[in-house]
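Convert by adding 9 to the 1-based position in the sequence shown; the result is the number in the working numbering.
Where is the CB? At the ideal position from N, CA and C, for every residue including glycine.
Beneath this line is the structure, given in structure tokens, with notes to follow.
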Amino acid sequence: MSAAPAADFASRDGAARVRVELGDRGYDIVIGAGALGDAAALRRSHPKLRRVLVVTDETVQRLHGMRLAEALDRAGLARETVVLPPGEATKSFAMLESLCEALLEKRVDRGDVIVAFGGGVIGDLAGFAAAVLLRGLDYVQMPTTLLAQVDSSVGGKTAIDTRQGKNLVGAFHQPRAVIADTALLDTLPRRDLLAGYAEVAKYGLIADEAFFAWLEGAWAAVVGGAGAERTGAIAHSCRAKAAIVAEDEREAGRRALLNLGHTFGHALEAECGFGDELRHGEAVALGTVMAFDLSASLGLCSPVAADRVRRHFAAAGLPTSLRANTLAARAWPAERLVEHMRSDKKARAGTLTFILARGIGQAFVAHDVPADKVIPTLRAHGAA
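Below, the structure is given as structure tokens:
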């Protein structure tokens with residue numbers, strides 16, 4: 010851009026608190042370095058709480074388990090811990106069964122609180138277990154990845170994957186609190202930070218061009234630093250999502266906009282078996298580029314806007330084509346990708362639904378997009 014954007018979204022004090030307004034089910038998102046140490050907040054929200062059941066994965070337990078244990082000890086809370094394998098494959102019926110059995114063996118009751126301590130996989134799985142165990146238990150999200158802190162931990166969506174697609178079995182079940190300790194992000198590999206950054210940029214592309222313009226200059230500090238830019242970007246993303254969730258909790262309207270890039274992205278993830286070959290945030294970045302290119306091909310937005318999105322994600326090091334890096338080793342059949350899209354939970358009677366755009370910050374829901382309009386976009390990005 011020729012001039013620096015006037016807006017500045019950096020955090021002033023290194024911490025933030027965002028409220029998700031849902032009446033008596035509303036809750037706070039606490040954001041900042043060291044927020045994990047405020048485990049006493051669990052006791053404030055549950056005065057009679059004596060025990061928490063921590064659900065985490067092997068990686069998070071190794072890196073941060075002791076820190077959480079010490080915080081819970083200081084708060085005088087007894088704890089039990091269930092440690093699961095890391096990775097998207099953990100979001101399965103088999104692991105849901107294993108987790109529920111483990112929690113029941115620990116004699117979980119309605120006076121306990123489940124703590125989802127991990128990234129999006131743990132948040133989705135532990136949240137779903139909380140939704141169904143004893144017909145509903147309280148839980149708290151303690152997200153440890155950038156993607157989870159800005160997106161999946163907020164809003165109450167919980168789910169597992171099936172071989173038919175991503176997040177097709179689940180429930181809306183709001184947490185009682187979200188505690189996002191930004192210091193935990195310092196241990197993340199850069200690839201995971203970039204995957205999370207795709208969801209940050211999404212909020213600007215949906216309805217906030219000023220935020221996207223700021224990110225064009227600040228993205229490196231958001232991804233690479235632990236300072237005001239990162240905390241501010243997380244807080245702004247959470248505020249955007251909190252406002253949408255308060256308006257449309259169960260995705261009957263505006264909340265669907267948060268799926269920008271996801272129809273394409275979920276199809277790409279399904280094609281590679283939800284493995285490590287393509288992280289969720291990477292799929293969202295590539296899917297967002299495809300959504301803007303499809304919008305341009307349909308005459309909805311200018312090619313200049315679509316190119317701006319592509320250049321930004323490419324500059325950040327995110328994939329913008331199926332020809333990129335290891336993705337080029339796959340054939341990516343266009344027709345099969347479309348079939349994956351027909352199984353997406355946003356599809357209606359087999360028709361395709363996309364979040365498209367009339368420009369940066371001007372996303373909208375498009376129903377009944379013809380498959381023959383989608384296939385050329387897929388092929389332009391390297392599908393066969």
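- At what residues does the alpha helix (DSSP H) containing Leu-105 begin and finish? 102–114
- Query: Less than 8 angstroms separating the beta-carbons of Gly-35 and Arg-26?
  - Reply: no
- Pick helix, strand or coil for Phe-126, following the three-state DSSP scheme. strand
- Query: Helix, strand or coil: which one does DSSP assign to Pro-152?
  - Reply: strand
- Give the secondary structure of Phe-301 by DSSP, where H, G and I count as helix, E and B as strand, and everything else as coil. helix
- Compute the Euclidean distance between the alpha carbons of Val-383 and Phe-322, then round it to the nearest angstrom. 21 angstroms
- Task: Give the range of the alpha helix (DSSP H) segment to which Leu-214 is assigned.
- Result: 199–216
- Item | DSSP three-state assignment for Thr-329, whether helix, strand or coil | coil
- Item | Segment limits, alpha helix (DSSP H) that includes Ala-19 | Element bounds for Ala-19: n/a, residue is neither H nor E.
- Query: Considering only C-alpha positions, which residue in the set His-55, Phe-18 and Val-254 is nearest to Ala-265?
  - Reply: Val-254
- Item | Through-space distance from Ala-19 to Asp-82, alpha-carbon basis | 33 angstroms
- Presumed contact (8 angstroms Cβ cut-off) between Leu-327 and Ala-294, rounded CB distance: 4 angstroms
- One or two residues paired with Ile-364 in a DSSP bridge: Val-374
- Spell out the partners DSSP gives Thr-196 in its beta bridges. Answer by DSSP bridge pairing: none, since Thr-196 is not bridged.
- Item | Close Cβ partners of Gly-164 (< 7 angstroms) along its chain, the five nearest in sequence each way excluded | Lys-250 and Val-254
- Task: Spell out the partners DSSP gives Glu-89 in its beta bridges.
- Result: Leu-62
- How about the region 195–204 and the region 150–158: do they share at least three Cβ pairs that are nearer than 8 angstroms? yes
- Given Ser-246, which residues of its chain have a CB within under 6 angstroms of its CB, disregarding the five upstream and five downstream residues? Val-159, Val-209 and Tyr-212
- Query: Where does Arg-339 fall in DSSP's three states?
  - Reply: coil
- Can you give the beta carbon distance from Thr-167 to Asp-133, rounded, assuming they're within the 8 angstroms contact cut? 5 angstroms
- Where does Ala-168 sit, in a helix, a strand or coil, going by DSSP? strand
- If you count every other CB in all the chains shown that lies within 10 Å of the CB of Phe-102, and 16 or more means buried, which is it? exposed
- When burial is assigned at 16 or more other CB atoms within 10 Å of the CB, is Met-350 buried or exposed? buried
- Quick one: measure Cβ to Cβ for Val-64 and Val-91, integer angstroms, because I've assumed they're closer than 8 angstroms. 5 angstroms
- Query: For Gly-179, which residues does DSSP report across the bridge?
  - Reply: Ala-168
- Query: By DSSP, does Val-39 sit in helix, in strand, or in coil?
  - Reply: strand
- Message: Rounded to the nearest angstrom, what separates Ala-84 and Leu-193 at their Cα positions?
- Response: 20 angstroms
- Item | Assigned secondary structure, Ala-24 (DSSP; H/G/I helix, E/B strand, else coil) | strand
- Are the beta-carbon atoms belonging to Leu-112 and Met-104 less than 8 angstroms from one another? no
- Query: Can you name, in chain order, every residue of its own chain whose Cβ lies under 8 angstroms from the Cβ of Thr-386, other than the five neighbours on each side?
  - Reply: Met-299, Asp-302, Leu-303 and Ser-306
- Item | Residue range of the unbroken alpha helix (DSSP H) whose run includes Ile-243 | 237–256
- State buried or exposed for Ala-372, treating a residue as buried only when at least 16 other CB atoms are found within 10 Å of its CB. buried
- In chain order, what residues of the same chain have a beta carbon less than 6 angstroms from the beta carbon of Asp-190, not counting five sequence neighbours either side? Ala-44 and Leu-45
- Item | Other residues of its chain near Leu-72: CB distance less than 6 angstroms, five sequence neighbours each side excluded | Thr-196
- Query: How would you label Thr-360, buried or exposed, when you count the other beta carbons within 10 angstroms and need 16 or more for buried?
  - Reply: exposed
- Task: Figure out for me which residue from Met-75, Phe-283, Gly-236 and Arg-263 has the closest Cα to the Cα of Asp-22.
- Result: Gly-236
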